[in-house]
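Residue numbers (this note's numbering): 6 to 222.
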């Protein structure tokens with residue numbers, strides 16, 4: 006699902022939007038011609054701080070916890086794309102939760118299974134990603150937004166709609182290939198060749214003029 010939000014602790018934050026999967030959330034901060042050397046991003050378990058010169062964006066507390074060492078970002082010609090690794094799989098629906106909601110635990114603290122996660126379950130081997138189930142969930146949840154619902158309809162939303170239509174009309178193998186390549190490459194690759202994509206992890210391939218950086222590297 007492609008979601009747009011303006012929620013942050015700043016009164017006039019830079020334009021930004023995001024989309025998410027069960028495992029990751031990708032945040033786009035629109036800063037044209039950003040200098041990679043001046044882009045500063047700080048990750049904590051529950052917050053994100055972005056700055057580029059006098060342009061700043063503070064998101065705290067995040068809706069769910071993240072894994073700072075597994076977060077990274079790329080600096081492009083028109084935007085900075087920040088990829089957050091969720092500490093626990095699940096949909097957030099929004100970037101932040103109220104700072105004074107001390108009694109409301111972050112989303113990442115809830116088990117993703119309806120039966121609950123037993124103590125010590127984190128030591129079990131991670132299950133293989135079911136890309137067919139992911140594609141089915143997306144098709145059942147996607148709904149085009151009108152201009153009243155989304156002020157960006159006709160701009161970024163139109164591009165999103167194009168990819169959603171492409172995804173919807175593809176065969177199951179192509180849908181799995183599109184999801185796997187897009188998620189594993191951090192949004193830099195979109196492939197419909199399942200026979201090729203299923204063999205190994207898809208690497209990050211930033212577009213020309215962009216620089217890929219892994220946090221802590």
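Yeah, the Cβ is synthetic: ideal placement off N, Cα and C, and Gly gets one too.
For clarity, every value in this text was computed on a predicted model and none was experimentally measured.
Going straight from the alpha carbon of residue i to that of residue j, what length do you get?
i: residue 190; j: residue 202; result: 11 angstroms
i: residue 50; j: residue 171; result: 35 angstroms
i: residue 30; j: residue 42; result: 24 angstroms
i: residue 100; j: residue 59; result: 22 angstroms
i: residue 73; j: residue 166; result: 31 angstroms
i: residue 17; j: residue 61; result: 9 angstroms
i: residue 23; j: residue 88; result: 10 angstroms
i: residue 39; j: residue 19; result: 12 angstroms
i: residue 77; j: residue 216; result: 11 angstroms
i: residue 75; j: residue 168; result: 27 angstroms
Looking only at its own chain, which residues have a Cβ that is under 7 angstroms from the Cβ of residue i, when we skip the five neighbours before and after it?
i: residue 182; result: 196, 197, 198, 199, 202
i: residue 97; result: 25, 30, 68, 69, 112
i: residue 91; result: 28, 29, 30, 69, 71, 113
i: residue 205; result: none
i: residue 44; result: 57, 80, 85
Could you have a look at residue i and say whether DSSP puts it in helix, strand or coil?
i: residue 113; result: Model confidence at residue 113 stands at a pLDDT of 43, short of 50, so the residue's coordinates are unreliable; what they give is reported in the following sentence. In this structure, residue 113 counts as helix in the three-state DSSP scheme.
i: residue 2; result: The requested residue 2 does not occur in the structure, where the chain is confined to residues 6 to 222.
i: residue 207; result: coil
i: residue 176; result: coil
i: residue 32; result: strand
i: residue 56; result: strand
i: residue 188; result: helix
i: residue 169; result: helix
i: residue 27; result: coil
i: residue 40; result: coil
i: residue 88; result: strand
i: residue 94; result: coil
i: residue 74; result: helix
i: residue 22; result: strand
i: residue 80; result: strand
Starting from the C-beta of residue i, find all residues in its chain whose C-beta is less than 6 angstroms away, skip the five residues before and the five after it, and write them out in chain order.
i: residue 54; result: 47, 63
i: residue 193; result: 209, 210, 211
i: residue 37; result: 83
Grab me the residues of residue i's own chain with a C-beta within less than 8 angstroms of its C-beta, minus the 5 sequence neighbours each way, in chain order.
i: residue 175; result: 183, 197
i: residue 66; result: 51, 52, 101, 102, 104, 111
Confirm, please, whether the CB-CB distance from residue j to residue i is below 8 angstroms.
i: residue 86; j: residue 93; result: no
i: residue 33; j: residue 82; result: no
i: residue 207; j: residue 179; result: no
Below 8 angstroms on the Cβ atoms is my contact criterion, and I expect residue i with residue j to pass it. Report the Cβ-Cβ distance as a whole number of Å.
i: residue 35; j: residue 21; result: 7 angstroms
Tell me, please, whether the CB atom of residue i is closer than 8 angstroms to any CB atom in chain D?
i: residue 47; result: You won't find chain D in this structure, because it holds only one protein chain.
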